[in-house]
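Residue numbers (my numbering): 613 to 994. Ideal Cβ positions, reconstructed from N, Cα and C, are used throughout, including at glycine.
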Amino acid sequence: MQILIAPNAFKNSLAADQAAIALAEGLKESGLICSLSCFPIGDGGDGTMKLLIKHLCLNTVEVNTIDPLGRPIKANYGYDQKTATAYIEMADASGIRLLADNELNPMKATSQGTGLMIKDALVRGARYIILGVGGSATVDGACGILSAMGAKFLDKKGEELKVSPLELLELDRIDLSGLDKRIEYCRFTVLTDVKNKLLGSKGAAFVFGPQKGASVEQQEILDDFLEHLNYIWTTQLKKDAGRLIGGGAAGGVAAGLWAMLDAELLNGIDYFLKVTDFDKKLIKADLLITGEGAIDLQTLDGKGPFGVAYRAKALGLPVIGVAGNVPLQTNEQMDTYFDILIPTGHGAVSLEELKKCTAENLERTGKLIGKFLQFASKKTVK
């Protein structure tokens, strides 16, 4: 039996490659006679670029930049000299994981650090920027990124504003004349793992604001800011991002780069699986095992596990999904793509405790799957 293990990252607890290793170890411990292949995946979320760098054997570039609160840090990105393509992870400079819990504050956090990484790539000669935007700590509509590359955000008096949501409520005009001229010869692609639009109850502020530390009152302010920012984009740049699918990703960074740099937005998992030739691995498999922190109806909106399950089902392969949280009751849609959903938790424990034990739980789950497959094969033989 050929088993392909292709998990996404388990958010805030385990990277995708570590999750794959844990599942594989469990399967080995079970004594199941099989051939195992690990193919960790990324869908635009935090960690996607690191996987692409590994899969594509890219060189890494270290750069001086700043974190979401403006403190100096070092970060890395992948660079393909032959195609002049840079693979940049927004979370490496502007991510939640760079801040302590008590530092999370989207009213102050900016994406300027990501802009500095992009600028470094432009200096290096990049003509194509691939940006993964998952795991960001910001809700600034990409204003920080543009500011780092020379854009100015002006009030009615023509005075420059700081790129914070509160100050940018006074925004009257965006001055793009100072943008790095190399941008004219560069195209941008944003990889997203969400379909949320920019504004409203299912937009950037209300859906993603809380995980970035926004209070209920701050969520209202952030939504007002993004609405005002979109008004400026619409009137000045003739780019209305309000209905853009995925525009709410990374606190509106996706919408901002689309409006101000003509970036294209792509589903992260579709892009990832295409450039890594996933289908060549899949076609050799008899069974697919995938997973992430939670598998639910949102998974079907283009998350990593759905991407691989969809392809597996097109080939008639069985799919096992493992996650820290699975629905008590599935529906026809879920059942179409996942033959079995297995929760990795064991006993009544808090979410924080569950996260600490993710590797251990995945290894145990892998062993359980292996034992079950052995039992099933014996019954089939009889």
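Is residue i buried or exposed, if buried means 16 or more other CB atoms sit within 10 Å of its CB?
i: Ile708; result: buried
i: Asn714; result: exposed
i: Cys669; result: exposed
i: Pro941; result: Here the sequence assigns Gln to residue 941, which means Pro is not the residue at that position. Exposed, because fewer than 16 other Cβ atoms sit within 10 Å of the Cβ of Gln941.
i: Arg923; result: buried
i: Ala618; result: buried
i: Phe987; result: exposed
i: Glu772; result: exposed
i: Ser706; result: buried
i: Gln910; result: exposed
By DSSP, does residue i sit in helix, in strand, or in coil?
i: Val993; result: Unreliable placement is indicated for Val993, whose pLDDT of 49 sits below 50; the coordinate value is still reported in the next sentence. Helix at Val993.
i: Glu772; result: strand
i: Glu782; result: coil
i: Asn808; result: coil
i: Pro939; result: coil
i: Gly570; result: As shown, the chain starts at 613 and ends at 994. That puts residue 570 outside it, with no answer to give.
i: Thr888; result: coil
i: Lys676; result: Correcting the residue type first, residue 676 is Asn in the shown sequence and not Lys. Reduced to three states, the DSSP call for Asn676 is strand.
i: Leu985; result: helix
i: Leu626; result: strand
i: Gly753; result: coil
i: Met946; result: helix
i: Pro718; result: coil
i: Asp658; result: coil
i: Ala853; result: coil
i: Gly868; result: helix
Do residue i and residue j have their C-beta atoms within less than 8 angstroms of each other?
i: Gly656; j: Val745; result: yes
i: Ala636; j: Gly659; result: no
i: Gln693; j: Asn717; result: no
i: Lys824; j: Ala749; result: yes
i: Tyr970; j: Ser642; result: Residue 970 is actually Thr in this sequence, not Tyr. For Thr970 and Ser642, no; Cβs fall outside 8 angstroms.
i: Asp732; j: Val802; result: no
i: Leu900; j: Val920; result: yes
i: Leu778; j: Met719; result: yes
i: Ile871; j: Ala853; result: In the sequence as presented, Ile is not what sits at residue 871; that position holds Ala. A contact, by the Cβ cut-off of 8 angstroms.
i: Leu639; j: Cys650; result: no
i: Leu869; j: Ala897; result: no
i: Gly860; j: Lys915; result: no
i: Gly654; j: Leu648; result: no
i: Ile757; j: Thr804; result: no
i: Gly597; j: Leu838; result: Past the edges of the chain, shown from 613 to 994, lies residue 597, and the structure says nothing about it.
i: Gln724; j: Ser759; result: yes
i: Ile1018; j: Ala698; result: Missing from the structure shown is residue 1018; the chain here goes from 613 to 994 and no further.
i: Pro955; j: Asn937; result: yes
i: Ala840; j: Leu885; result: Here residue 840 turns out to be His, not Ala, going by the sequence shown. Cβ atoms of His840 and Leu885: not closer than 8 angstroms.
Return the Cβ separation of residue i and residue j in integer angstroms, given the expectation that the two are a contact with Cβ distance under 8 angstroms.
i: Gly858; j: Leu834; result: Between Leu834 and Gly858 the Cβ distance is about 18 angstroms, and since that is not below 8 angstroms, they are no contact.
i: Gly786; j: Phe765; result: Residue 786 is actually Ile in this sequence, not Gly. Right, the Cβ-Cβ distance comes to about 6 angstroms (below 8 angstroms), so this counts as a contact.
i: Asp951; j: Val931; result: 5 angstroms
i: Pro652; j: Ala632; result: 5 angstroms
i: Ile730; j: Ile685; result: The pair is not a contact, with the Cβ atoms about 16 angstroms apart (cut-off 8 angstroms).
In the DSSP output, which residue or residues are listed as bridge partners for residue i?
i: Ser649; result: Leu616
i: Val998; result: Lying before the first or after the last residue shown, residue 998 is absent from the chain, which here runs from 613 to 994.
i: Val802; result: Leu743, Leu877
i: Ser748; result: Gly707
i: Leu766; result: Glu772, Arg785
i: Ala698; result: Tyr691, Ile741
i: Lys684; result: Correcting the residue type first, residue 684 is Pro in the shown sequence and not Lys. In DSSP, Pro684 forms a bridge with Ile678.
i: Asn671; result: Tyr691
i: Phe820; result: Answer is none; Phe820 lacks a bridge partner.
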